[in-house]
Each structure stands twice: as structure tokens, then as C-alpha cells.
Amino acid sequence: MPTNRQFLLDSRPQGAASAANFKLVTGETPPLQEGQVLVRHHYLSLDPYMRGRMDDAKNYAAPQPLGQVMQGGTVGEVVESRSPRFQAGDKVLGQGGWQEYSVVDAEQKGALRKVDTSQVPLSYYLGAVGMPGVTAWYGLEKIIRPQAGKTVVVSAAAGAVGSAFGALAKARGCRAVGIAGGPDKCRYVVDDLGFDACLDYKQHPDAGSLSKALKQACPDGVDGYFENVGGMVMDAVMLRMNPFGRIAVCGMIAGYDGRPVPMTYPQLILRSRLTVEGFIVGEHMEVWPQALQELADLVAAGKLRPRESIAQGIESAPEAFLGLLHGRNFGKQLVKLV
Ligand code: NDP
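Numbered according to the working numbering, the sequence shown terminates at residue 366, and the numbering increases by one at each position without gaps.
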């Protein structure tokens with residue numbers, strides 16, 4: 029059996045996460061039991077939710093246990109199988125975690141899924157045609173519920189979720205406006221992703237200033253907002269929400285390192301009769317097949333052209349993850365292992 033390098037969670041962060049929280053270890057993969065398969069990971073997904081699980085705090089999911097392999101989505105290839113359901117060479121999506129190989133109990137429901145790489149590149153199953161894509165789909169379709177011609181806004185627009193949101197919103201005939209950090213990301217959001225406009229929040233010292241810029245980008249106000257960030261950015265959009273506007277609260281990355289994320293104008297929820305709804309995509313498995321189909325169709329049609337930030341080798345995982353939490357990624361953050 030091959031040697032396997034793995035990252036364990038070694039300690040919990042005090043404030044900001046750091047590379048010292050992770051430990052790289054090398055071990056042998058155990059021999060396969062009946063019903064198990066050995067998967068060689070080609071890509072490891074890095075996602076903001078992993079930061080929340082590093083804390084031993086109340087959350088929607090259990091904390092990542094100390095001393096165990098960091099959990100996370102992976103795509104790869106079956107290299108050996110003792111399950112009738114999988115053969116060597118199958119391309120698969122699973123939850124293999126921050127390691128080069130995983131031994132998976134293939135009979136366990138949902139543990140491993142074969143994927144078709146003839147139309148969609150393998151890595152996209154961790155991004156646009158995977159969990160982040162479905163996240164965008166759910167928030168748009170089930171919470172914002174947009175009508176053609178309405179204006180929708182998304183923060184972290186150049187990222188994995190934000191980029192899928194833009195394509196889905198345009199497919200529904202909406203005016204799509206992004207908010208992202210820096211001129212390169214904003215250019216990409218408009219030129220490559222097809223958004224109607226994108227605002228660089230880093231050019232604005234406060235919510236009032238960003239809100240003024242939003243007024244220009246959204247002349248008819250904002251009907252739906254997909255929140256990925258929180259804080260100043262959320263304040264700015266709330267000031268532009270139309271009556272009966274709908275806000276899908278997907279993420280609050282500005283607060284993931286433990287800083288408070290104050291909301292300055294909660295009175296607008298009342299005054300503008302806003303609907304504000306949080307959601308966790310893993311709690312809505314019933315929509316995944318429909319959402320994944322639409323996302324795959326958009327990719328195949330060239331209407332969703334996601335960008336990827338690819339770090340090389342398992343040893344790069346901690347730095348790439350910390351970079352994601354600080355906006356150094358440009359598109360879906362992955363680690364390439366093969
Ligand atoms: P991204 O690929 O968008 O990467 C994160 C981005 O967040 C960074 O690139 C950066 O973009 C932005 N960011 C980081 N820190 C800040 C900050 N302090 N202020 C403003 N922006 C910041 O990640 P994903 O697309 O994977 O995830 C986007 C959001 O969706 C996250 O909040 C995540 O937790 C959430 N999520 C929620 C799910 C759910 O079920 N509710 C499921 C999946 C994701 P920039 O440079 O533009 O600032």
C-alpha cells in the first residue's frame with residue numbers, strides 16, 4: 029500500500045488561524061477490507077467553512093477533532109477496489125480530507141460518487157459543479173427567488189460561490205452586480221463571468237461610500253442580496269435594498285477569525301420589510317441533482333467559466349487555506365496532488 033502524507037489539526041486557533049495549527053505526518057495506507065476502495069486524490073478542496081470547524085465552538089456542524097486528518101472534499105481516482113460498485117480508474121468525488129490517499133467504505137451511502145469527466149473537468153466537481161455551485165443555486169433560487177429584470181447583488185463575487193451565482197442570475201434574466209476585492213477581480217467578474225457591474229469594496233473607506241457607488245450600479249435599487257462576507261459590505265448593500273427585498277445569508281467570512289461582525293442598520297429589516305434567511309447547503313440535499321444539472325449545463329454551454337487558484341502539493345495546503353481566508357485566492361481554491 030502507498031505511503032500517505034496527511035495534515036492533522038494539531039491545535040485550535042487563538043484568534044486568526046495560522047500554519048502552526050496544522051501538522052504534516054506520513055503513514056502507510058492500511059490494507060483494504062471487503063467493501064473498501066483506495067482513492068488517490070487529485071485535488072483537495074479548501075473552503076472557508078473549515079475555519080469555523082477548527083474552533084471548539086457552537087456551530088451548525090461538529091468541530092474538527094484534534095489530532096485527526098483535516099476534513100474536506102476531494103476528487104480523485106480509484107486505484108484499488110474491493111467493492112463491486114467501483115473499479116480501478118473510476119473518477120470519484122468524496123470527503124477524503126487533507127491527505128494524498130483515502131481508504132473509503134464504498135458501501136456507505138454518499139461516501140463516494142462516480143463523476144463523468146467527459147464534459148466537466150474533474151476539479152469542477154469541487155467548485156462550480158459541486159458544493160459551492162449548489163450553494164449559489166440554493167440561495168438564489170430558494171431564498172432570493174428572483175424575477176427577470178430584478179437586481180441581485182453578491183459579495184465575494186469572484187470566488188467559487190459568487191462566480192456560480194452570477195451565471196445563475198444572468199440565466200434568470202436578472203441584473204447581476206458583484207462586490208469583490210481589487211480591480212483584477214472586478215474586471216474578471218464583469219469581463220469573464222458576465223456580471224453587469226462589479227464594485228471594489230477596498231476602494232471604499234466605509235459603508236456610506238460603498239453604498240453611494242452601489243446606487244450608481246443598481247439604479248433601480250437591490251431586490252436580492254447574497255451575503256458571503258458581512259460587516260461593512262453588508263451594511264452598504266442593506267442601505268440600497270428595495271422594500272420586500274430578500275437577503276440570503278450564506279457566509280460571514282469577515283468574522284471567521286473571531287472578530288465581531290456588527291450590523292449597523294438592523295432597523296432597515298423593519299423599515300424595508302426585508303426577508304433575511306440563513307441556510308446551510310448540506311441541509312438541502314433534495315435540490316442537489318437539479319442544481320448540479322443546471323450548473324453542468326452552464327459550464328458545457330460556456331456560460332459559467334469559473335477560475336481556479338491551484339496550489340501545488342499537499343505541503344501547500346495550510347498556506348493556501350490561510351490565503352483563502354484573506355482573499356489571496358482568485359476563484360475556487362484547490363490543492364493539486366497529482
Ligand atoms: P471564495 O472563493 O469566495 O473565497 C473567499 C473570499 O472571501 C476571498 O477570496 C475574499 O474575496 C473574500 N473575503 C475574505 N475575507 C474577507 C473580508 N474580511 N471581507 C470581505 N471579503 C473577504 O469562497 P467560497 O466561494 O468558497 O465561499 C464564499 C462564502 O460562502 C463563504 O463565506 C463561505 O463560508 C460561504 N459558504 C456557505 C455555505 C453554506 O452552506 N451556507 C456553503 C459554501 C460556502 P475578495 O478578495 O473579493 O475580498
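C-beta atoms are modelled at their ideal positions from N, C-alpha and C, and glycine is treated no differently.
Three or more beta-carbon pairs drawn from the stretch 159-172 and the stretch 259-278 are found closer than 8 angstroms, and the two stretches are therefore classed as touching. Shown here for Ala195: same chain residues with a beta carbon closer than 6 angstroms to its own, the five before and five after excluded, namely Leu326, Lys331, Leu332 in chain order. If you draw a 10 Å sphere on the C-beta of Ala85, you find fewer than 16 other C-beta atoms in it, and that means exposed. Residue pairing from DSSP places Val304 in a beta bridge opposite Ile275. The beta strand (DSSP E) runs of length 3 or more contained entirely in the stretch 215-263 are, from start to end of the chain, 225-228, 250-255.
Ranked by how close their Cα comes to the Cα of Ile342, the residues Gln99, Gln34, Asp219 have Gln34 in first place.
Between the C-alpha atoms of Arg79 and Pro41 there is a straight-line separation of about 9 angstroms.
Here Asn49 carries a helix assignment [DSSP, helix/strand/coil]. Excluding sequence positions up to five before and after Met82, its CB lies within less than 8 angstroms of the CB of Leu37, Arg40, Pro41, Ala45, Asn49, Pro91, Gln92, all in the same chain and listed in chain order.
For Asn32, DSSP records a beta bridge to Gly55. Residue pairing by DSSP leaves Met82 without any beta bridge partner. Beta-bridge partners of Lys178 (DSSP): none assigned.
With respect to Ala208, Ala188 sits apart: the two C-beta atoms are not nearer than 8 angstroms.
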